[in-house]
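Enquirer:
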Amino acid sequence: MNEALPKKLFIKTYGCQMNVYDSDRMADALAPHGYIPTQEIGEADLVLLNTCHIREKASEKVFSELGRLKELQTEKRATGGDMMIGVAGCVAQAEGEEIARRAPMVDMVFGPQAYHRLPDMLAKAEANRHMHPALKRAVVDTDFPEEDKFAHLPAAKKDVTIGRGLTAFLTVQEGCDKFCSFCVVPYTRGAEVSRPVAQVLDEARRLADAGVKEITLLGQNVNAYHGEDASGRSVGLGELAYLLAEIPGLERLRYTTSHPRDMDDALIAAHRDLPFLMPYLHLPVQSGSDRILKAMNRKHTAAEYLTLIERIKTARPDMAMSGDFIVGFPGETDADFEDTLKIIRETGYASAYSFKYSTRPGTPGANLPDQVEEAVKTERLARLQALVNQQTTAFHASCVGRTLPVLIERVGRMPGQVGGRSPYLQAVHLEGSTDLIGAIHEVDIIGTSTNSLVGRLKRAIAA
Ligand code: 5AD
Ligand code: SF4
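With my numbering as the guide, the letters of the sequence shown map in order to residues 727 to 1189.
1. Leaving aside the five residues before and after residue 1103 along the sequence, list all residues of the same chain whose C-beta is less than 8 Å from its C-beta, in chain order.
2. Who's in the neighbourhood of the ligand SF4, going by beta-carbon under 6 Å from any heavy atom, listed in chain order?
3. What are the partner residues of residue 867, as DSSP defines its beta bridges?
4. So residue 949 and residue 913 are supposed to be a Cβ contact under 8 Å. How far apart are they, rounded?
5. Locate the alpha helix (DSSP H) running through residue 1069, then write down its first and last residues.
6. CB-CB under 6 Å to residue 1015, same chain, minus the five flanking residues each way: which ones, in chain order?
7. Determine whether the beta carbon atoms of residue 763 and residue 735 lie at a separation below 8 Å.
8. Taking the C-alpha atoms as reference points, what is the distance between residue 1100 and residue 1168?
9. Which whole-angstrom value describes the C-beta separation of residue 994 and residue 1046, a residue pair presumed to lie in contact below a C-beta threshold of 8 Å?
10. Quick one: which unbroken alpha helix (DSSP H) runs of 4-plus residues sit fully inside the segment 800-847? Chain order, please.
11. With three or more beta-carbon pairs closer than 8 Å as the criterion, would you say the segment 958-968 touches the segment 928-940?
12. Classify residue 958 as buried or exposed, calling it buried when 16 or more other Cβ atoms lie within 10 Å of its own Cβ.
13. Runs of 3 residues minimum, wholly inside the segment 897-947: which ones carry the beta strand (DSSP E) assignment?
14. For the segment 996-1050, which segments carrying the beta strand (DSSP E) assignment without a break, of at least 3 residues, lie completely within its bounds, in sequence order?
15. Do the segment 1004-1019 and the segment 1135-1152 meet, that is, are 3 or more Cβ pairs less than 8 Å apart?
16. For residue 1071, which residues from the same chain have a beta carbon less than 8 Å from its beta carbon, with the 5 sequence-adjacent residues on both sides left out?
17. So, under 8 Å CB-CB, residue 1128 and residue 1171 are touching, yes? Tell me the CB distance rounded to an integer number of Å.
18. Judging by CA-CA distance, which residue of 1090, 983 and 1038 is the nearest neighbour of residue 743?
19. With which residues is residue 781 paired in a DSSP beta bridge?
20. With a threshold of 8 Å, are at least 3 pairs of Cβ atoms found where one atom belongs to the segment 1085-1093 and the other to the segment 1138-1146?
21. Count the other CB atoms within 10 Å of the CB of residue 727; is the residue buried (16 or more) or exposed (fewer)?
22. In this structure, how does DSSP classify residue 763 when only helix, strand and coil are distinguished?
23. Sorry if obvious, but does the Cβ on residue 1013 come closer than 7 Å to a heavy atom of the ligand 5AD?
24. From what residue to what residue does the beta strand (DSSP E) around residue 738 run?
25. In three-state terms, what does DSSP make of residue 1102?
26. What's the C-alpha gap between residue 895 and residue 1049?
27. Tell me the rounded alpha-carbon separation between residue 737 and residue 1036.
28. From what residue to what residue does the alpha helix (DSSP H) around residue 751 run?
29. Can the beta-carbon of residue 831 be found closer than 8 Å to that of residue 906?
30. Report buried or exposed for residue 777, applying the criterion of at least 16 other Cβ atoms within 10 angstroms of its Cβ.
31. For residue 1083, is the beta carbon positioned less than 7 Å from some heavy atom of the ligand 5AD?
32. Taking 7 Å as the cut-off, is the CB of residue 1010 close to at least one heavy atom of the ligand 5AD?
33. Look at residue 899 and residue 920 and say whether their C-beta atoms are less than 8 Å apart.
34. Would you report the Cα separation of residue 793 and residue 815, rounded to the nearest angstrom?
35. Specify, as a first and last residue, the run of the alpha helix (DSSP H) that residue 971 falls within.
36. Got a sec, what are the start and stop residues for the beta strand (DSSP E) residue 1145 sits in?
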């Protein structure tokens, strides 16, 4: 490696916030080896694709992106330059050897459990470059190691701007043991692992010291968190929230994504007791039909989900709900789908994400009979989304006339405007000077526009 010349790193991130977090950590791990981030793919010495497997046709999309990268790599080589290529994330985990075989210009393929070994892999891949092209093979690392990847990954650095600098993600848990029958996560991210409490608190303190006001705890099944404390005791997400509430400067806490079965009493109590725990909960139910919930291996009924929401709203009456839905799971009848619409009406969502079922090779759902026709899925998805859109619009409208604390994060779209987020994760725009950025201000909500709220500054409540 040439120490004198910094090398340029371009990371393209697909999918969830866990991947955004992982991409930042990969950039941090490569910084001591002379790599600085660039937004210009053309000038990159190393391109990393941090892939996501949860959406349909994920691997085909990666292969077509690799096709484009190959052209860029060839162009650069023709002019005396070069570009190394790495594929990371869940597609890499699922298709490691296949990628190495089908895309020989790729230098490294590695799964989410191997990020702390990235500098080593890079050294091996750099050595491989001098091999004859016929012999060259990507360095593949898709092991699930026993060791703790977080213990080896550099924590978010104090002087690094994470996100916009006021809000940050913090991964506390990875993997999932739930095995919903449609989902690849237990196979690509592996078994549930929680970071120890001290590690999480250290990272949160570092972020707060760097000016972060709002942290979102991340995990594929975040409310299954069970980190060890110094005495070896297991601490759940609820208890962790109380500990995080003590950190000076940290004003807001969120977490995502949760499973209904893991919303325990301690976490619900934390919502009752801790105003800094934001009243917006992403709690996917996927379907409203007990038959389909069973086939999905969700381990709860529709009635249990509704009872749970009642308990959560008793603890925190202004809780806004968000969810995920799958339409057209194998065997889903019109009546099953009507049950899904029913649970949406009964819950009332502030927002929701919805998907047509599509098979993931290797999951139990892939082998089920009675696949639903594409046209039926399309029609059901449109009806479901129309209902959710009505609810989202109604929720925004219900905020007009209220005064909400808004964390002002940035300049707005229009000159003279600033923008931020309400406790319910709604975007809020208001007239105001850039001096407002960086603090929570009381804002009168005076109207709505597409997908956001319009506000007017009331008075500052935090410096
Ligand atoms: N088909 C459709 N949607 C899926 N999801 C996960 N796997 C599939 C699949 N095979 C959706 C679920 C999950 C969200 C992240 O993606 O709704 O909650
Ligand atoms: Fe996948 Fe979430 Fe089910 Fe885990 S709980 S298997 S991540 S859908």
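Note that CB positions come from ideal geometry on N, CA and C, so glycine has one too. The model shown is predicted, which means the values in this text are computed figures rather than measured ones.
Expert: According to the structure data:
1. 1053, 1054, 1082 and 1083
2. 902, 904, 905, 906, 909, 911, 912, 946, 947 and 985
3. 836
4. With a Cβ gap of about 21 Å, residue 949 and residue 913 do not count as contacting.
5. 1060-1073
6. 1062 and 1065
7. yes
8. 47 Å
9. Not a contact, Cβ separation roughly 16 Å.
10. 815-828
11. no
12. exposed
13. 940-944
14. 1006-1008
15. yes
16. 1113
17. 5 Å
18. 983
19. Residue 781 pairs with nothing; no bridge assigned.
20. no
21. Because the pLDDT of residue 727 is 45, which lies under 50, any placement of that residue in the model is unreliable, and the number read from its coordinates should be weighed accordingly. Classification of residue 727: exposed, given that the 10 Å Cβ count is below 16.
22. strand
23. no
24. 733-739
25. helix
26. 20 Å
27. 42 Å
28. 743-756
29. no
30. buried
31. yes
32. yes
33. yes
34. 18 Å
35. 963-971
36. 1143-1147
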